[in-house]
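Here's the structure we're looking at; comments come further down.
Residue numbers (our numbering): 8 to 730.
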């Protein structure tokens, strides 16, 4: 593979004008397609095969008038006063006048007035689903009743589920990444070129994604995840190749040759690292939750584009930059500057290898301690109660809880489906009694029948909020109790029920996915490094990373430690799909650093260095670039921490923490300490495995033999320890 990439790098460097033109044309085509074909995003969670999904499907089929999105207007009189039909009539009238609204119910007729008469709920039914409601319709809905004197009117409901938008905080993350690049390279040209390369990749990937949104259900978080990962890996992959290119220039290699060798060596590691990220993200489809599959594939596509850009556009840009990618002091004397002096990486490598036992003990004990809070992890889907304080949906949520109790924000829906009207009616009455007698249930509405009376709808009001453990227990008990209803099937849905089903489905797939990811890492790393112990060590390091990341995220976002520093207004359960998403993403990123560090160790080892010397040399040559890459990823992910959306906030934080833990504790401390402890045994491989495993040539050994005339093949292949 290295030889093929070497030729690709030289060709892109030589034909740089054509390569840049092709990418610009591709950007224009994809941008035009996105502008023409882009469809709305949707945050509908569908889960085939679950009870809550069956209830929602039945509701949509049998009650088509209720298949559109809904809104809830909360009205409150001043303290000590009471509402009356005349005072709420203007709010109801204005809500009914909103374009696209099928009807707004008078709270006095619907019985949606609090016991003290101070609060009322106006339920608003829209004709279209939330993704088809226009911004103008949403604005008109939010204006309904806002001008009524003497009343507090708040607007909430599914119709106001906000699309996530990129803002200034993400731009700050990119600026920090740019600063790290400038410090790392000492050249504005090299830093700007690396950043430009990543932005082109992100632009192409995002444009293609938006162009496909007309034919796929794209969640509002999928583009943000794709942007987050595309930027991070795009900058990092360009950083790795540019750093190797500069190293060849410093050693006196001619520019075109340096570009070919950089793409052939560092580019091989980029291909492998990118492939592991893509496979891990695409593997999310094993969970069989459509929105999670779309998120994984969207991010995987952007990462794949980032790899292609790094292998083709980057060497073309290097051709235009020439020696300007080097600091002025180093390029004044041309390319012949001689080897760079040893830096902190070499000194750190010697410290870690000398103190390998204490480093291993402290690192493993520390990460194990950070994992402890993860044992208390709770999962749920986000609701308006986790929205930013002061937002319209959060104000409506809090006012509803204040006037009616927290359970009114977590209503459950029981759908009773029978073969005929008599059986359905009897089953609905029986189900209502069983549900009403369940601990944690505040009230059950009378059955609402469809046109042919074969399906009944019951609204269940729990005593506690949608993410409260008591509500979860009530849902489980209701399902157990109504399972014995005769003559009809009873299916329960609602926010809490959906959250439980999502969590259970993910938990079922979590172990399989984790084994798939870890097994894949062991197999791929065995192919790359032709070793048994290196892959096992990498997998164990990944488990330490993911455990510590879970623990820190739970401590802040669920338990509330230091939550105010990150703008977490209401600590609560983590988003149901966050853990499995983190496993997929962090696995790929962890393998990035593993490959970039250990591949250089193996490269030194197969060229004759002793095991200890190879460990120090690998860390010494790549510590600076891996440090820069980790800081860049942390900056990019950290830029999303200050977004108001709870999903993106927690995802950005967890990824930033995971990168810091994996890069600085696991890969740059525990890995070299372990390699030093193992010595030559780290590269042990059974003879039978050495014979059957294909040689991927990640380190460019075959390429090196071709480029150095007269070098014997055995010089590079005799260093694997075989038995």
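Glycine included, each C-beta is placed from N, C-alpha and C at the ideal position.
Query	Result
Would residue 147 pass as a contact of residue 105 if the rule is Cβ separation under 9 Å?	yes
Between the beta-carbon of residue 240 and the beta-carbon of residue 599, is there less than 9 Å?	yes
Thinking C-alpha only, which one of 613, 382, 25 and 509 is nearest residue 320?	25
Report the rounded CA-to-CA distance for residue 140 versus residue 303, giving the unit in angstroms.	27 Å
In terms of residues, what are the limits of the beta strand (DSSP E) holding residue 364?	No beta strand (DSSP E) contains residue 364, which is instead part of the alpha helix (DSSP H) from 363–378.
Around the Cβ of residue 222, are there at least 16 other Cβ atoms within 10 angstroms (buried) or fewer (exposed)?	exposed
Taking only the alpha-carbon atoms, compute the straight-line gap between residue 167 and residue 400 and give it to the nearest angstrom.	7 Å
Got a sec? Which residues, its chain only, sit under 6 Å from residue 115 by beta carbon, not counting five neighbours each side?	92
Is the beta carbon of residue 654 less than 9 Å from the beta carbon of residue 585?	yes
Taking 7 Å as the limit between beta carbons, can you name the residues of its chain near residue 306, skipping five residues before and five after?	232, 233, 236 and 288
From the DSSP output, in three-state form, read off residue 223 for me.	coil
Just to confirm the assignment: which complete beta strand (DSSP E) runs, minimum length 3, are found wholly within the stretch 73–126?	77–83 and 108–111
Once DSSP output is grouped into helix, strand and coil, what is the label at residue 553?	helix
At which residue ranges does the stretch 434–500 contain complete alpha helix (DSSP H) runs of 4 or more residues, listed in the order of the chain?	476–489
Helix, strand or coil, according to DSSP, for residue 12 in the structure here?	helix
Quick check: what's the CA-CA separation for residue 481 versus residue 498?	14 Å
Suppose contacts are defined by Cβ-Cβ distances below 9 Å. Is residue 193 in contact with residue 630 by that definition?	no
Does DSSP put residue 814 in a helix, in a strand, or in coil?	This structure cannot settle anything about residue 814, because the visible part of the chain is limited to 8 through 730.
Let me know the secondary structure DSSP gives residue 539 once reduced to three states.	coil
Verify whether the separation of the beta carbon atoms of residue 45 and residue 220 is less than 9 Å.	yes
In angstroms, rounded to a whole number, what distance separates the CA positions of residue 625 and residue 364?	19 Å
For residue 611, name the three-state secondary structure that DSSP assigns.	helix
Of the residues 253, 515 and 550, which one's Cα is nearest the Cα of residue 377?	550
If we define contact as Cβ-Cβ less than 9 Å, is residue 135 a contact residue for chain B?	Looking at the structure shown, chain B is missing, and only one protein chain is on hand.
Quick test of your reading: residue 404 and residue 163, contact by CB under 8 Å. State the CB separation rounded to the nearest angstrom.	6 Å
Can you say whether residue 440 is buried or exposed, counting buried as having 16 or more other CB atoms within 10 angstroms of its CB?	exposed
Looking only at DSSP bridge pairs, what is residue 159 linked to?	83
Is residue 194 helix, strand or coil by DSSP?	coil
Taking only three categories from DSSP, how would you classify residue 133?	strand
How is the alpha helix (DSSP H) around residue 38 delimited, first residue to last?	23–44
Does the beta-carbon of residue 336 have 16 or more other beta-carbons within 10 angstroms, so that it is buried, or is it exposed?	exposed
From what residue to what residue does the beta strand (DSSP E) around residue 245 run?	Counting along the chain, residue 245 falls outside any beta strand (DSSP E), though it belongs to the alpha helix (DSSP H) covering 228–257.
Could you please give me the residues that DSSP links to residue 183 through a beta bridge?	For residue 183, which the question treats as bridged, DSSP gives no partner whatsoever.
Ordered along the chain, which non-local residues of its own chain (more than five positions away) have a Cβ less than 7 Å from that of residue 89?	124 and 125
Is it right to say residue 696 is buried, meaning 16 or more other beta carbons lie within 10 angstroms of its own, or is it exposed?	exposed
Please report the distance separating the alpha-carbon of residue 554 from that of residue 369.	16 Å
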